[in-house]
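Chemist: The structure under discussion is supplied below as C-alpha cells; questions concerning it will follow.
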Amino acid sequence: MNLDFTPEENAFREEVRAFIQESYPAELRAKQKAKQELSKEDYLSWHRILARKGWVAPSWPEAYGGTGWTPTQKYIWSEELARADALPLLPFGLSMLAPVIYTFGTEEQKQRFLPGIFNGDVWWCQGYSEPGAGSDLASLKTRAERITGDDGKEYYLVNGQKTWTTLGQFADWGFFLVRTDPNAKPQAGISFLLIDMKSPGVTVRPIITLEGGHEVNDVFLDNVKVPVENRIFHENQGWTCAKALLAHERTGIAGVARSKRGLEKLRNVARTEMSDAGGPLIGDAFFRRKLAELEIDLQALEFTELRTLAGESSGRGPGSESSILKIKGTEIQQRLQELALEAAGHYGAPFLRDLGHNVQIGPDYARGVAGDYFNGRKTSIYGGSNEIQRNIIAKMVLGL
Amino acid sequence: MDFNFTDEQTMLRDTVASYLSDNYDIDKRRAALGKEPGWRPDVWKAFAEELGILGAPFPEELGGLGGGAVENMIVMEEFGKALVVEPYLGTVVIGGGFLKHSGHARAEELIGQIIGGDAIFAFAWAEPQGRYNLADLKTTAAKQGEGFVLNGRKAVVIGAPYATHLIVTARTGGGQREHEGVSVFLVEKNAAGVTTQDYPTVDGFRASEVTFENVQLGADALIGPFDQAMPLIERVVDEAVVATCGEAVGVLRKLHEGTLEYARTRKQFGVPLSSFQVLQHRMVDMFINLEQSISMTYMATVKLGWDGERSKAAAAAKVQIGKACKFVGESAIQIHGGMGMTEEMAIGHYFKRASMIETAFGSTDHFLARYEFLSLGEAA
Numbered sequence: 001m002n003l004d005f006t007p008e009e010n011a012f013r014e015e016v017r018a019f020i021q022e023s024y025p026a027e028l029r030a031k032q033k034a035k036q037e038l039s040k041e042d043y044l045s046w047h048r049i050l051a052r053k054g055w056v057a058p059s060w061p062e063a064y065g066g067t068g069w070t071p072t073q074k075y076i077w078s079e080e081l082a083r084a085d086a087l088p089l090l091p092f093g094l095s096m097l098a099p100v101i102y103t104f105g106t107e108e109q110k111q112r113f114l115p116g117i118f119n120g121d122v123w124w125c126q127g128y129s130e131p132g133a134g135s136d137l138a139s140l141k142t143r144a145e146r147i148t149g150d151d152g153k154e155y156y157l158v159n160g161q162k163t164w165t166t167l168g169q170f171a172d173w174g175f176f177l178v179r180t181d182p183n184a185k186p187q188a189g190i191s192f193l194l195i196d197m198k199s200p201g202v203t204v205r206p207i208i209t210l211e212g213g214h215e216v217n218d219v220f221l222d223n224v225k226v227p228v229e230n231r232i233f234h235e236n237q238g239w240t241c242a243k244a245l246l247a248h249e250r251t252g253i254a255g256v257a258r259s260k261r262g263l264e265k266l267r268n269v270a271r272t273e274m275s276d277a278g279g280p281l282i283g284d285a286f287f288r289r290k291l292a293e294l295e296i297d298l299q300a301l302e303f304t305e306l307r308t309l310a311g312e313s314s315g316r317g318p319g320s321e322s323s324i325l326k327i328k329g330t331e332i333q334q335r336l337q338e339l340a341l342e343a344a345g346h347y348g349a350p351f352l353r354d355l356g357h358n359v360q361i362g363p364d365y366a367r368g369v370a371g372d373y374f375n376g377r378k379t380s381i382y383g384g385s386n387e388i389q390r391n392i393i394a395k396m397v398l399g400l
Numbered sequence: 001m002d003f004n005f006t007d008e009q010t011m012l013r014d015t016v017a018s019y020l021s022d023n024y025d026i027d028k029r030r031a032a033l034g035k036e037p038g039w040r041p042d043v044w045k046a047f048a049e050e051l052g053i054l055g056a057p058f059p060e061e062l063g064g065l066g067g068g069a070v071e072n073m074i075v076m077e078e079f080g081k082a083l084v085v086e087p088y089l090g091t092v093v094i095g096g097g098f099l100k101h102s103g104h105a106r107a108e109e110l111i112g113q114i115i116g117g118d119a120i121f122a123f124a125w126a127e128p129q130g131r132y133n134l135a136d137l138k139t140t141a142a143k144q145g146e147g148f149v150l151n152g153r154k155a156v157v158i159g160a161p162y163a164t165h166l167i168v169t170a171r172t173g174g175g176q177r178e179h180e181g182v183s184v185f186l187v188e189k190n191a192a193g194v195t196t197q198d199y200p201t202v203d204g205f206r207a208s209e210v211t212f213e214n215v216q217l218g219a220d221a222l223i224g225p226f227d228q229a230m231p232l233i234e235r236v237v238d239e240a241v242v243a244t245c246g247e248a249v250g251v252l253r254k255l256h257e258g259t260l261e262y263a264r265t266r267k268q269f270g271v272p273l274s275s276f277q278v279l280q281h282r283m284v285d286m287f288i289n290l291e292q293s294i295s296m297t298y299m300a301t302v303k304l305g306w307d308g309e310r311s312k313a314a315a316a317a318k319v320q321i322g323k324a325c326k327f328v329g330e331s332a333i334q335i336h337g338g339m340g341m342t343e344e345m346a347i348g349h350y351f352k353r354a355s356m357i358e359t360a361f362g363s364t365d366h367f368l369a370r371y372e373f374l375s376l377g378e379a380a
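In order, the protein sequences belong to chains A and B.
Quick note on UniProt numbering: the first sequence kicks off at 1 and runs consecutively.
Quick note on UniProt numbering: the second sequence kicks off at 1 and runs consecutively.
Okay, here's the thing in C-alpha cells:
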C-alpha cells in the first residue's frame, strides 16, 4: 500500500500540464472567466484539440482511440484538467454513448459512429427521460413501431416526447430509449435507437431553468422515421444498454478533481471576504468548520474513488460501487455551491445574466454563484436520483 | 499508487483473524472481563509466542516482523472485529512508538521485552483539567541531581491496571498549557510513590487514576528531548489515533454486517425488516460511512510516513471515524430495536466500543478544530 507517484507518473503530469497550458484556446478561457454563454464552437474547440492530440477519450479501449493510460494516469489527467479550469468535455458522445456502441454495437456501427464522436464532428444528445418517466425510467412511453418504407426498407416510426435533453439545441444526433413492445414487462420492451436530429418530425423546444439558462430541452418526436440499422443491440433489449450507460454516467459525476479545484477557489474567496468581526471569513468559527468538514468529506470521496479505480473496494463489482461516488460526489458539489453563495454575502443577489458581460457589479468571484447553486440542484436528481442510487446499493451491493 | 496488501500482510491478517475466531468469541470475552484481572494474560502470551504479532511494526534486527503502520492497522482492525481489550495500542503502538522514535538508550532492550510479551505499557497523558490538550499538564518532573522527581495525577489511563510500565508526560518548564517545557518519562509502575485507583470502563477495558508522589526517576527515565518533547508526543499520538481508526474500521464492519443480517431475518408486519425502504436507505448510509472510513484510514495510515501531512491526515481520518462511529453505532441499535439494547446481543458491545472510540484522544469537535488549524490556519 502506497500513495506515491512514480517518477514516470510525475513526468506524465509535467507533460500533460505543459500540453494543456500551450494548447488551451485563449478565447475560450476569456469567455469562461467572464461567465459568458458558450457557443457550439466554443464547446467543440477544446474537444477537437484533444482529439488531434489523441487524448480526447482516455477511457476507451485502445483499439477505438483510447490512450491505454493506467488508472493513476487518468487520475492525474483529470486533476490537471481541473487545475487549468479546462472546460469539461461533453459526456454525451464520449462517455455515455461510445461505451454502448463499442460494447453492444455491430462492427459497421462502430465504424460509422465512433470516429464522429472522437473527432467532435457529431454532437450527441440524450433522449431518456420523459414527462412521465423520470426516476422510473423504465415506464417510458415513446413508441417505435416497425414499418416498411416506400423504398422497401425497414424503419421504426417513432412517436413521443423526451425531456431534460441537455444542450439538445446543438445536437446533430441523439440516442433514445423507445418502447418497441408495449405488451412486455416495462424493462423488456425497450430498444436503443440513434436518431438524426435533422429528421422530419423532430422538434426541440427550450426549457428555461431557475438560473435563467437554456441548458435543457423538450424533444418532440412526431412520426419520425428511423432506419432499423440505427438500433444498437437487439430489439427489446435496449435496457441492457441503458443500464451499462448509467453505470458509466455515475462514475463520471463524482467530479473529485473539479471539486478539489472548487474548494481551492472557495478558500481563496474566504481569505478575501470579511467576517462580521472584521477578520477574513476563513477565520470565522462557523464558516471554517463547514469548510473543514467539506474538505475532509472530499478527501474521503477521493480515496474511495481511488480504491474503486484500483478495483479494491470491498471486492465487489465497480458497477454498483459507483453509486456511492455519485451520491457523495454530488452532495459535495452542492455543498461547495452553497458555501460559494454564502461566502459571496450581499453580492450573491445581483442577477446579471441579461445585462451583458461588461456590466461589473461586486467581486468577480460572486458573479453567477447563485445561478450555480440553483442550477446545481440538478446533480442529485439526474443520472438516477440519489434516492434511486440508494435503492441500487441496497439491492445490488447489500443484497437487501 | 497502490491499495493492495502484500502477501505477508494478508497472512498476518489471516493469522490474527483465525486465532481470534477460535479463542476470542463474545462469550469468552464476556466471561474474562467479568472477573479479575479483567483481561487475558494467556491470550497476550499467545500473541507473543504463537502469533508473534507483538513484533509486527518492529525491525527484524530487534526480533520484529519488519512491518510498520500498515501492520498496526491490520492487527487493530482484526482486534476491532473481536473487541479485543488486550493492550496492543498502549504497548506496541504507543510504547513501541516512543521507544523507536526517541532512540532511547534502553529502546532495543525494551522493544525486545514488548515483542516477548513481558513489558506492557500504558500511556499516562490526560489530566483531570486538561481535556484533550496534550500540553495541558500540571504533572511536574523537577530536576534532582542527575535525575528527576515526579509529582502529579493522570486521568483515565487506559490499560494501566495491566501495565508494567507507564509513559508519562510531565512539565519540566513553562506554563500549564505551553508547548515548551514538556518532557516524557518512562516510569515503572511498581516504583515507590506510584499509586493507582483501578476501575473498568464502559466498553470493557480497565483503566486507572494514577497519582505520582515524589517518584524518584533516574536520568535514563527521560524519553526524547528535555523540555521539547511535544513533536515526539504529537507524532506518537498521530500514530495511535490512526491505529485506533483501524480498530474502528473493524468495529464498524461488525456493526454494519450485524445489522444487515438482523434486518434480513427479523420479521415485522409479515415481512423482513430489510424490505422497508426507509431502513434500506439507512443501511446504505451506514455502508457509505463504512467505506469512507476505510478510505480515510488507508489514506492516514500511509501518510503517517509523510512528515508535512501526517497530523492533518490523522485529524481528518479521526473526524470521519468519529462521525461514522456515531452514525453507524446509533443506526445499528435503532434498526435492532429493543433487542439492540440488551446485554445479551453482541451488537450493543460494538456500539459501546464505537462510542468510546468517538472520543478517544479527542472528540470529533477536537479533531475538527485541529484539522482547521492545520489546514486553514489560525481562527480569528
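The beta carbon of each residue, even a glycine, is placed where N, CA and C say it ideally should be.
Could you check whether Ala-332 of chain B and Ile-347 of chain B sit closer than 9 Å to each other, using their CB atoms as the reference points?
Modeler: yes
Chemist: Compare the C-alpha of Ala-191 of chain B against each of B:His-104, B:Tyr-298, B:Leu-217 and B:Leu-54 and name the closest.
Modeler: Nearest in C-alpha terms to Ala-191 of chain B, of all of B:His-104, B:Tyr-298, B:Leu-217 and B:Leu-54, is B:Leu-217.
Chemist: When the Cα atoms are used, what is the spatial distance from Ser-313 of chain A to Glu-50 of chain B?
Modeler: Interpretation of Ser-313 of chain A is limited by its pLDDT of 39, a score under 50 that renders its predicted location unreliable; the figure taken from the coordinates is listed afterwards. Roughly 31 Å between the two C-alpha positions.
Chemist: Looking only at C-alpha atoms, which of A:Phe-92, A:Ala-86, A:Ser-59 and A:Asp-121 sits nearest to Glu-41 of chain A?
Modeler: A:Asp-121
Chemist: Specify whether the segment 47-64 of chain B and the segment 5-20 of chain B touch according to this definition: at least 3 beta carbon pairs, one from each stretch, less than 8 Å apart.
Modeler: In short, these stretches touch, since the Cβ pair count reaches three.
Chemist: Can you tell me whether Val-302 of chain B is buried or exposed? The criterion is at least 16 other CB atoms within 10 Å of its CB, across all chains shown.
Modeler: buried
Chemist: With H, G and I counted as helix, E and B as strand and the rest as coil, what does DSSP make of Val-202 of chain B?
Modeler: Here Val-202 of chain B sits in coil by DSSP.
Chemist: Using DSSP with H/G/I as helix, E/B as strand and the rest coil, what is Glu-309 of chain B?
Modeler: Residue state, collapsed to three classes: coil.
Chemist: Within its chain, find whatever has a CB closer than 7 Å to the CB of Glu-80 of chain A; leave out the 5 residues flanking it on each side and keep chain order.
Modeler: Same-chain partners within the cutoff: Arg-13, Val-16, Arg-17 and Ile-20.
Chemist: Measuring only the C-alpha atoms, how far is Leu-336 of chain A from Val-70 of chain B?
Modeler: 33 Å
Chemist: Should Val-241 of chain B be labelled buried (16 or more other beta-carbon atoms within 10 Å of its own) or exposed?
Modeler: So Val-241 of chain B ends up on the buried side.
Chemist: To test your reading of the DSSP string, which unbroken beta strand (DSSP E) runs of 3 or more residues are found completely within the segment 98-164 of chain B?
Modeler: 121-124, 140-144 and 147-158
Chemist: Just verifying my parser: in three-state terms, what is the DSSP assignment at Ile-324 of chain A?
Modeler: helix
Chemist: From A:Gly-213, A:Thr-180 and A:Gly-168, pick the residue whose C-alpha is nearest to that of Val-202 of chain A; which is it?
Modeler: A:Gly-168
Chemist: Three-state secondary structure (DSSP) at Gln-2 of chain A?
Modeler: Per the sequence presented here, residue 2 of chain A reads as Asn, with Gln not at that position. DSSP places Asn-2 of chain A in strand when its eight states are reduced to three.
Chemist: Where does the unbroken beta strand (DSSP E) through Glu-8 of chain A begin, and where does it stop?
Modeler: Run containing Glu-8 of chain A: none in the beta strand (DSSP E); it sits in the alpha helix (DSSP H), 7-23.
Chemist: First and last residue of the beta strand (DSSP E) that includes His-214 of chain A?
Modeler: Taken as a continuous stretch (DSSP letters only), the beta strand (DSSP E) holding His-214 of chain A covers 214-227.
Chemist: Quick check: what's the CA-CA separation for Val-43 of chain B versus Ala-122 of chain B?
Modeler: 18 Å
Chemist: Only counting runs of 3 or more residues, tell me where the beta strand (DSSP E) segments fall wholly within the UniProt domain "Acyl-CoA oxidase/dehydrogenase middle" (125-223) of chain A, in order along the chain.
Modeler: Counting only runs of 3 or more, we get 143-148, 154-162, 173-179, 190-196 and 202-208.
Chemist: Just the C-alpha distance for Lys-74 of chain A and Phe-5 of chain B, rounded to the nearest angstrom, thanks.
Modeler: 23 Å
Chemist: Contact criterion: CB-CB distance below 9 Å. Does Ile-83 of chain A meet it with respect to chain B?
Modeler: Note that residue 83 of chain A is Arg in the sequence shown here, rather than Ile. Not closer than 9 Å to any Cβ of chain B, the Cβ of Arg-83 of chain A fails to qualify, so no.
Chemist: Is Leu-368 of chain B buried or exposed, if buried means 16 or more other CB atoms sit within 10 Å of its CB?
Modeler: A residue is called buried when at least 16 other Cβ atoms come within 10 angstroms of its Cβ; Leu-368 of chain B meets this threshold and is buried.
Chemist: Do we get a CB-CB distance below 9 Å when we pair Gly-68 of chain A with the residues of chain B?
Modeler: no
Chemist: Is it true that the CB of Gln-113 of chain B sits closer than 9 Å to the CB of Ala-119 of chain B?
Modeler: yes
Chemist: Here's the rule I'm using: 16 or more other beta-carbon atoms within 10 Å means buried, otherwise exposed. How should Glu-305 of chain A be labelled?
Modeler: buried
Chemist: Taking contact to mean at least 3 C-beta pairs separated by less than 8 Å, is the segment 324-335 of chain A in contact with the segment 343-361 of chain A?
Modeler: no
Chemist: Excluding the five sequence neighbours on either side, which residues of its own chain have a C-beta within less than 7 Å of the C-beta of Lys-31 of chain A, listed in chain order?
Modeler: Residues Leu-38 and Asp-42 of the same chain have their beta carbon placed closer than 7 Å to that of Lys-31 of chain A, with the five preceding and five following residues left out of the count.
Chemist: Taking CB distances under 9 Å as the criterion, tell me whether residue 390 of chain B reaches chain A.
Modeler: Examination of residue 390 of chain B is not possible in this model, given that chain B is present from 1 through 380 alone.
Chemist: Anything in the segment 276-292 of chain A with a Cβ closer than 7 Å to a Cβ of chain B? List those residues in chain order, please.
Modeler: With the criterion set as a beta carbon lying under 7 Å from some beta carbon of chain B, the members of the segment 276-292 of chain A are Ala-277, Gly-279, Ile-282, Gly-283, Asp-284, Ala-285, Arg-288, Arg-289, Leu-291 and Ala-292, in sequence order.
Chemist: If I follow the unbroken beta strand (DSSP E) through Ser-183 of chain B, where does it start and stop?
Modeler: 182-188
Chemist: Of all Cβ atoms in chain B, is any one closer than 9 Å to the Cβ of Lys-328 of chain A?
Modeler: yes
Chemist: For a quick check, are the C-beta atoms of Arg-153 of chain B and Val-237 of chain B less than 9 Å apart?
Modeler: no
Chemist: Going by the beta-carbon positions, is the gap between Leu-83 of chain B and Arg-353 of chain B smaller than 9 Å?
Modeler: Between Leu-83 of chain B and Arg-353 of chain B, the C-beta spacing is below 9 Å.
Chemist: Quick one: what's Gln-268 of chain B bridged to in DSSP?
Modeler: B:Val-271
Chemist: At the level of alpha carbons, what is the spacing between Ser-380 of chain A and Leu-290 of chain B?
Modeler: 21 Å
Chemist: Closer than 7 Å by beta-carbon distance: list the chain B residues that pair up with Ile-296 of chain A, in chain order.
Modeler: Ala-316, Val-319, Gln-320 and Tyr-371
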